[in-house]
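Q:
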Amino acid sequence: MIEKFIMAGPTALHVCDSQKGEQCIVLLHGYLESMLVWEDFVPYLYKEVRVVTLDLPGHGISVVQGEKHSMEFLADTVADAIRALGISRCTLVGHSMGGYVALAVCERHPDLLDGLVLLSSTPNPDTPEKAENRRREIALVKAGKKELLARVAPAAGFAEENRDRMKDYIEDLTEQVFITEDDGIVALLNGMIDRKDQNAMLHETKVPVLFILGRKDNYIPVEVAEKMVADHPEARVVWLENSGHMGFLEEPEATAKALLDFVKELK
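Printed below as a string of structure tokens:
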């Protein structure tokens, strides 16, 4: 994997690129994560396909651009990055918040996509309750109390029975919260609060879609996930039976198989 900075339009972006492979998978991380979250997962993929990871603006060591990173701004930045890397088409995989960005790429730049994968993510907008929770998180960060996020968020991503064996990952994700710039956290929370409902776009798109969902996800309860699946018969679906929100870490082999099978079907 070659690590470098590129200009994605006007935005400096930190990327990692395996550079080899006929087909390409681009992995977009979630909220309070960075491209480092994919480090142990990428080896399951890169012998078969080209793999690109990146730090979304506001997280990792990519730059913060203003007080709100809208999903449209992030999508345009990702599209600029894909083009800057000389990739004509890719399968875009979005984990959690990365899925919101991937949906906006699908809406705005469908010509770049062979396929779209929502990994523990949803086309639904924030409920009023969820938006209020995000506003509370903004208030905490602005009050200099992001350690309260670090104490709760990383462990909550994993199914309860997986937390002991995943404790090293939980520690890494906790550290990630502390090193993420406060302004970046706020910008992404503001963007997620304002994101739109993408269900209609998903029904209409010609881009093939795959959902990968954890049966034990604390952020997307199984009844919400099952309703999403029922509402989108056009999408392929893979359930990870023993995973929470972090299926690519909890069940990496099953997640990689689902992705590679999907990509092979798109050939």
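Here our numbering is used: the first residue of the sequence shown is -14, the next is one more, and so on.
Glycine included, each C-beta is placed from N, C-alpha and C at the ideal position.
Computed from a predicted structure; not experimentally measured.
1. At the level of alpha carbons, what is the spacing between residue 126 and residue 239?
2. By how many angstroms is the C-alpha of residue 243 removed from the C-alpha of residue 192?
3. Just how far apart, CA to CA, sit residue 75 and residue 250?
4. I'd like the list of long-range same chain contacts for residue 102, defined as Cβ closer than 6 angstroms, with 5 residues on each side in sequence excluded.
5. Can you tell me which of 203, -3, 164, 149 puts its alpha carbon nearest to the alpha carbon of residue 106?
6. Tell me whether the beta-carbon of residue -4 lies closer than 8 angstroms to the beta-carbon of residue 62.
7. Would you identify the three-state DSSP class for residue 78, choosing helix, strand or coil?
8. So, using beta-carbon positions, are residue 15 and residue 80 closer together than 8 angstroms?
9. Here's a check: name, in chain order, each residue in its chain whose Cβ is nearer than 6 angstroms to the Cβ of residue 123, leaving out the five neighbours to either side.
10. Taking 8 angstroms as the cut-off, does the stretch 43 to 51 touch the stretch 136 to 146 (at least 3 CB pairs, one atom from each stretch)?
11. So what's residue 150 in DSSP terms, helix, strand or just coil?
12. Is the beta carbon of residue 11 closer than 8 angstroms to that of residue 41?
13. Measure how close the beta-carbons of residue 232 and residue 197 come, nearest whole angstrom, since I'm counting them as under 8 angstroms.
14. Measuring alpha carbon to alpha carbon, tell me which residue in 68, 55, 246 is nearest residue 37.
15. Return the first residue and the last residue of the alpha helix (DSSP H) that residue 216 is part of.
16. If the criterion is Cβ atoms closer than 8 angstroms, does the pair residue 108 and residue 184 meet it?
17. In the structure shown, what three-state DSSP assignment does residue 128 receive?
18. Should residue -13 go down as buried or exposed, given a rule of 16 or more other Cβ atoms within 10 Å for buried?
19. Pull up the distance between the alpha-carbon of residue 139 and that of residue 158, whole angstroms please.
20. Could you tell me the alpha carbon to alpha carbon distance between residue 129 and residue 252, rounded to whole angstroms?
21. Please report the straight-line C-alpha distance between residue 154 and residue 22, rounded to a whole angstrom.
A: Short version:
1. If you take the alpha carbons of residue 126 and residue 239, they lie about 36 angstroms apart.
2. Straight-line Cα distance between these residues: approximately 17 angstroms.
3. 13 angstroms
4. 78, 195
5. Closest by C-alpha distance to residue 106, out of 203, -3, 164, 149, is 203.
6. Note that the C-beta distance between residue -4 and residue 62 is below 8 angstroms.
7. DSSP places residue 78 in strand when its eight states are reduced to three.
8. Yes, Cβ-Cβ distance for residue 15 and residue 80 is below 8 angstroms.
9. Excluding sequence neighbours, residue 123 sits near 171, 174.
10. Not touching, per the Cβ criterion.
11. coil
12. no
13. That belief holds up - the Cβ atoms of residue 232 and residue 197 are roughly 6 angstroms apart, short of 8 angstroms.
14. Taking each of 68, 55, 246 in turn and checking the Cα distance to residue 37, the smallest one comes out for 68.
15. From DSSP, the alpha helix (DSSP H) with residue 216 extends over 207 to 216.
16. yes
17. coil
18. exposed
19. Rounded to the nearest angstrom, the two C-alpha atoms are 6 angstroms apart.
20. 49 angstroms
21. Roughly 9 angstroms separates the two Cα atoms.
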